[in-house]
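Inspection log for the structure reproduced underneath, given as structure tokens.
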Amino acid sequence: MFLDVWPEGTQEWLAASYIYYALCVGALAVGFGRIGRWPELWRRYGAPLWDRLWRPAPAFLRPPEPERLPAPVLVRRGALAAAGAVTVWTLCWNGAFGGVWLWPLFHLTPESWQGQIPESFYATYTYYVLFAGFLLAVAGRVGCWPELRRRYGPAGRAAAERPGPVPPGAPDAPGPLGTGAPEPQGDPADWPQLRAAGAHDAAERLAAEAHAGAMNDVDHSRIERAWQSVHTRPGRLAAFTETVLRHGAAACAHPSGARDLPVRVARHDLVTRQVRIGTAADDDRNPHEHRGAGCALDPGLLGTSLLAVGPPGSGKTDRLVRPVLESLCLQALAGRTAVVAVGAAGEGLAPDEAFDIVVKIGRPDSAYDLDLYGGTEDPDEAAAVLAEGLIGDVAAGLPGEGSRRAAMALAQILGPYHAVHGRFPSVPELRELLDGSAEAVAALRAGLAAGGHDALARELDARERQAHRPGDAGPLLADRLALLDRPAFARFFDTTRPGRTFSLRTLEHPLRVRIDLPERGHAEASRMLARLVLAQFTESTVARADRSLFACLVLDDATHAVTPEAVRGLGRLRSANAGAVLTLRTLDDVPESLRSALLGSVGCRMAFSGVTTWDGARFAEVWGKEWVEARDITDRQVIAHEPLTRATHLLRRAVTGRAVTAQSVTVRKVERERWSASELAHMVPPGHAVLSVTSVRGASAPPVLVDLMR
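Each residue of the sequence shown is one higher than the one before, counting from 764 in the working numbering.
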């Protein structure tokens, strides 16, 4: 076809001949490849072998995401592209392709330049430079050289070494002592911020303690917390320096004198106030950037509250509650947190030595008692909290506004009693008044008359009138109080001995408190006390005047403790620098009308392995959906009309035993659940959980499968 244009034996004829030969060989290879199913052979046997040869590490067996290639794959790709460019240039320069690569030069060079040395020389070498640049551009595009330069070039190394932005209010935020100067960078063990403020002697003492091994991470965090208070009040600098010079690493100690916990079971970072609970699994359902990353919790996340659901034995207590509680206790020793842990007696959340106050309800060896009224002096507030604890789980089923009526009934008794005796009644006294005992009511009325409390006497009269109406909340309150008026609790809830009574009003101090509930033998009383503690916690933390300390309630097994008021209270904790950690065996322990509201009121949600499909459906609903790329592959039979094609199809059918088909691929964007109910119920391995978190600033992360054993 091209003999008339290019005579035989010329360079053009030779190059065109080789191109024609290559096209013929390619056509034959494509034809025999379709007949012999070579692509299928490659997918089955060639690709796995290629992966084993070029991707020996297990982390690189999966195809990398196009957004960010793994470092070894990126380096190999760039090196292979460079080698390919050098090989093509060498072959062209040595004449392996003849003059094919010089065609643009021959056709674009004017005939007047032929034989002219300056013009021909300049044109030739200019073409060489342009061709080499073209090869480098193609190789750079294929080998991702710009990405290599961004990662490993001078600018990339400088960006990696440059510290990131510091959020406002963080320990390293700019402006020590209100001067507006940036915090000095250096070894934290040398305390450069103290040196920059002029406290060189204190910095030298602390640095010597740190290098001698006499300072631990709790000491560093505690002294740094004290130094932050100097930021706001520079007048404290002299007192701070004197304290550090006198006590060294033990300065600004916790009131208990403890500088560490007796034992640690988790990995902690007190600089960031984080505790590690596991590792994001290398699973296709996890976002690519999260796979293999460590998962940790801190007050910035717990401030939105956390709800964990899983059957017994799934690891809620061992893998979640204990590490989080241990971290909060360490932060309490550093003067940053107040924590209250509530669980059944014998659960062993942490040893007694790890707490400042241990309330063992129902046990004679308990050194502390629990204030039934939350430490308040307001009868109306005490009545509302106590009513929530006593009948909060059944208030929705009472006629009318059950919780309001119960709180009113209690307030009509607590107000007059507090006015007469200067304290609230004990459990037996309150039960007797709610039962309508004539002697108790008469004695209280006489006290009101003697003190001239006419308004409160009318309150008592109203209580007597309502006691005879149908649907009165007094008998129900008395029945619930009877669960606490047992011989096992005879020495508890005594309002006559305030010295040994613990009140949640003290959470303005960095306390570590553990409350053991009498689950064995008094299950209903334990649930009632759990509701009472949860109600008192939400009320007391919101009412705190000083919210600088993060307050957290850890409630292991919140069965029947979630009420409408509790759900509303959880939503208010975020603004009060407080949070709660609640665990449930199943969402069935929560009234059906509150399940969605409970999941919506917390910012961190955790579904352990073994949850039911019904629980999984609730989590799938709250986690929502995401847009994914779906590929639909359809096989259709190919009908041949040409004789040669029909013969090829007959031969292929004889070899494979199947009709000739062609695949049609349809790619579309669809919206699917992040985790379906079936996946949560059946695809979460033992020792794993699916966790989603939200920070108090509003940042959120998608649900991630976490390996709690790593």
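Where is the CB? At the ideal position from N, CA and C, for every residue including glycine.
About 5 Å separates the Cβ atoms of Arg-1335 and Val-1305, confirming a contact at the 8 Å cut-off.
A distance below 6 Å between beta-carbons, with the five flanking residues on each side excluded, links Pro-867 to no residue of its chain. CA-to-CA, the gap between Ala-1403 and Cys-907 works out to about 43 Å.
Note on Asp-1395: under 16 other CB atoms within 10 angstroms of its CB, so exposed under the neighbour-count rule. Segment contact: the region 1344-1351 against the region 1080-1099, three or more CB-CB distances shorter than 8 Å; contact assigned. If you ignore the 5 residues before and after Gly-1137, its C-beta comes within less than 7 Å of the C-beta of Ala-1145, Val-1148, Ser-1266, Leu-1267, Arg-1268, Gln-1299, Glu-1302 and Ser-1303, all in its own chain and listed in chain order. In the structure shown, Met-1291 falls within a helical segment according to DSSP collapsed to helix, strand and coil. Note that the C-beta distance between Arg-1290 and His-1323 is below 9 Å. If you compare the alpha carbons of Ala-1014, Ser-1068 and Pro-1086 with that of Arg-1039, the shortest gap goes to Pro-1086. Under the three-pair Cβ rule at 8 Å, the region 1014-1023 does not count as touching the region 1046-1053. Contact annotation, Ser-1189 with Asp-1257: C-beta distance approximately 6 Å; criterion of less than 8 Å satisfied.
Looking from the CA of Leu-1318, the closest CA among Ala-1329, Ala-1308, Asp-1309 and Ala-1425 belongs to Ala-1329. Pairing Cys-1092 with Ala-1059 gives a Cβ-Cβ distance that is not under 9 Å. If one requires a minimum length of 4 residues, the alpha helix (DSSP H) runs lying completely within the region 1142-1229 are 1142-1154, 1165-1184, 1190-1197, 1201-1214 and 1217-1229, in chain order.
Taking Ala-1043 as the centre and dropping the five residues before and after it, the same chain places the C-beta of Asn-1049, His-1053, Arg-1054, Gly-1055, Ala-1056, Gly-1057, Cys-1058, Val-1467, Leu-1468, Val-1469 and Asp-1470 closer than 8 Å to its C-beta, in chain order. Taken in chain order, the complete alpha helix (DSSP H) segments of 4 residues or longer contained in the region 1013-1069 are 1062-1065. Contact between the region 1419-1437 and the region 1378-1394 is present: 3 or more CB-CB pairs across the two stretches fall below 8 Å.
Where Thr-995 is concerned, the enclosing alpha helix (DSSP H) starts and stops at 980-995.
Around the CB of Met-1369, 16 or more other CB atoms lie within 10 Å, so the residue is classed as buried. Proximity to Val-1276 across Thr-1411, Ala-977, Ala-1101 and Leu-1197 peaks at Ala-1101, based on C-alpha coordinates. Apart from sequence neighbours up to five positions away, the residues of its chain that approach Val-1365 with a beta-carbon distance below 7 Å are Thr-1067, Ser-1068, Leu-1069, Leu-1070 and Leu-1333, ordered along the chain.
Selection Ile-1120, Val-851, Arg-1473 and Arg-1460 evaluated against Leu-1274 yields Ile-1120 as nearest (Cα-Cα). Apart from the 5 residues on each side of it in sequence, Asp-1134 sits with its Cβ closer than 7 Å to the Cβ of Thr-1264, Phe-1265 and Ser-1266 in its chain, given in chain order. Glu-1392 carries a strand assignment under DSSP once its states are collapsed to helix, strand and coil.
With 16 or more other Cβ atoms from the protein chains shown falling within 10 Å of its own Cβ, Met-1171 counts as buried.
Pairing Gly-1373 with Pro-955 gives a Cβ-Cβ distance that is not under 9 Å.
For His-1017, the closest C-alpha among the options Arg-999, Ala-1095 and Asp-964 is that of Ala-1095.
When DSSP states are grouped into helix, strand and coil, Gly-1342 belongs to the strand group.
Taking the Cα positions, Gly-916 is about 14 Å away from Ala-834. The criterion of a C-beta distance shorter than 9 Å is satisfied by Cys-1367 and Ser-1455. Under the 10 Å beta carbon count, Asn-857 is surrounded by fewer than 16 other beta carbons and is classified as exposed. Annotation for Ser-1427: the continuous beta strand (DSSP E) segment containing it runs 1424-1436. When the beta-carbon positions are compared, Ala-859 and Ala-902 stay at least 9 Å from each other. Cβ neighbours of Arg-1381 within its own chain (closer than 8 Å, five residues either side excluded): Leu-1350, Arg-1358, Ser-1359 and Leu-1362.
For Ser-1090, the uninterrupted alpha helix (DSSP H) segment begins and ends at 1085-1096. When the beta-carbon positions are compared, Leu-1211 and Ala-1182 come within less than 9 Å of each other.
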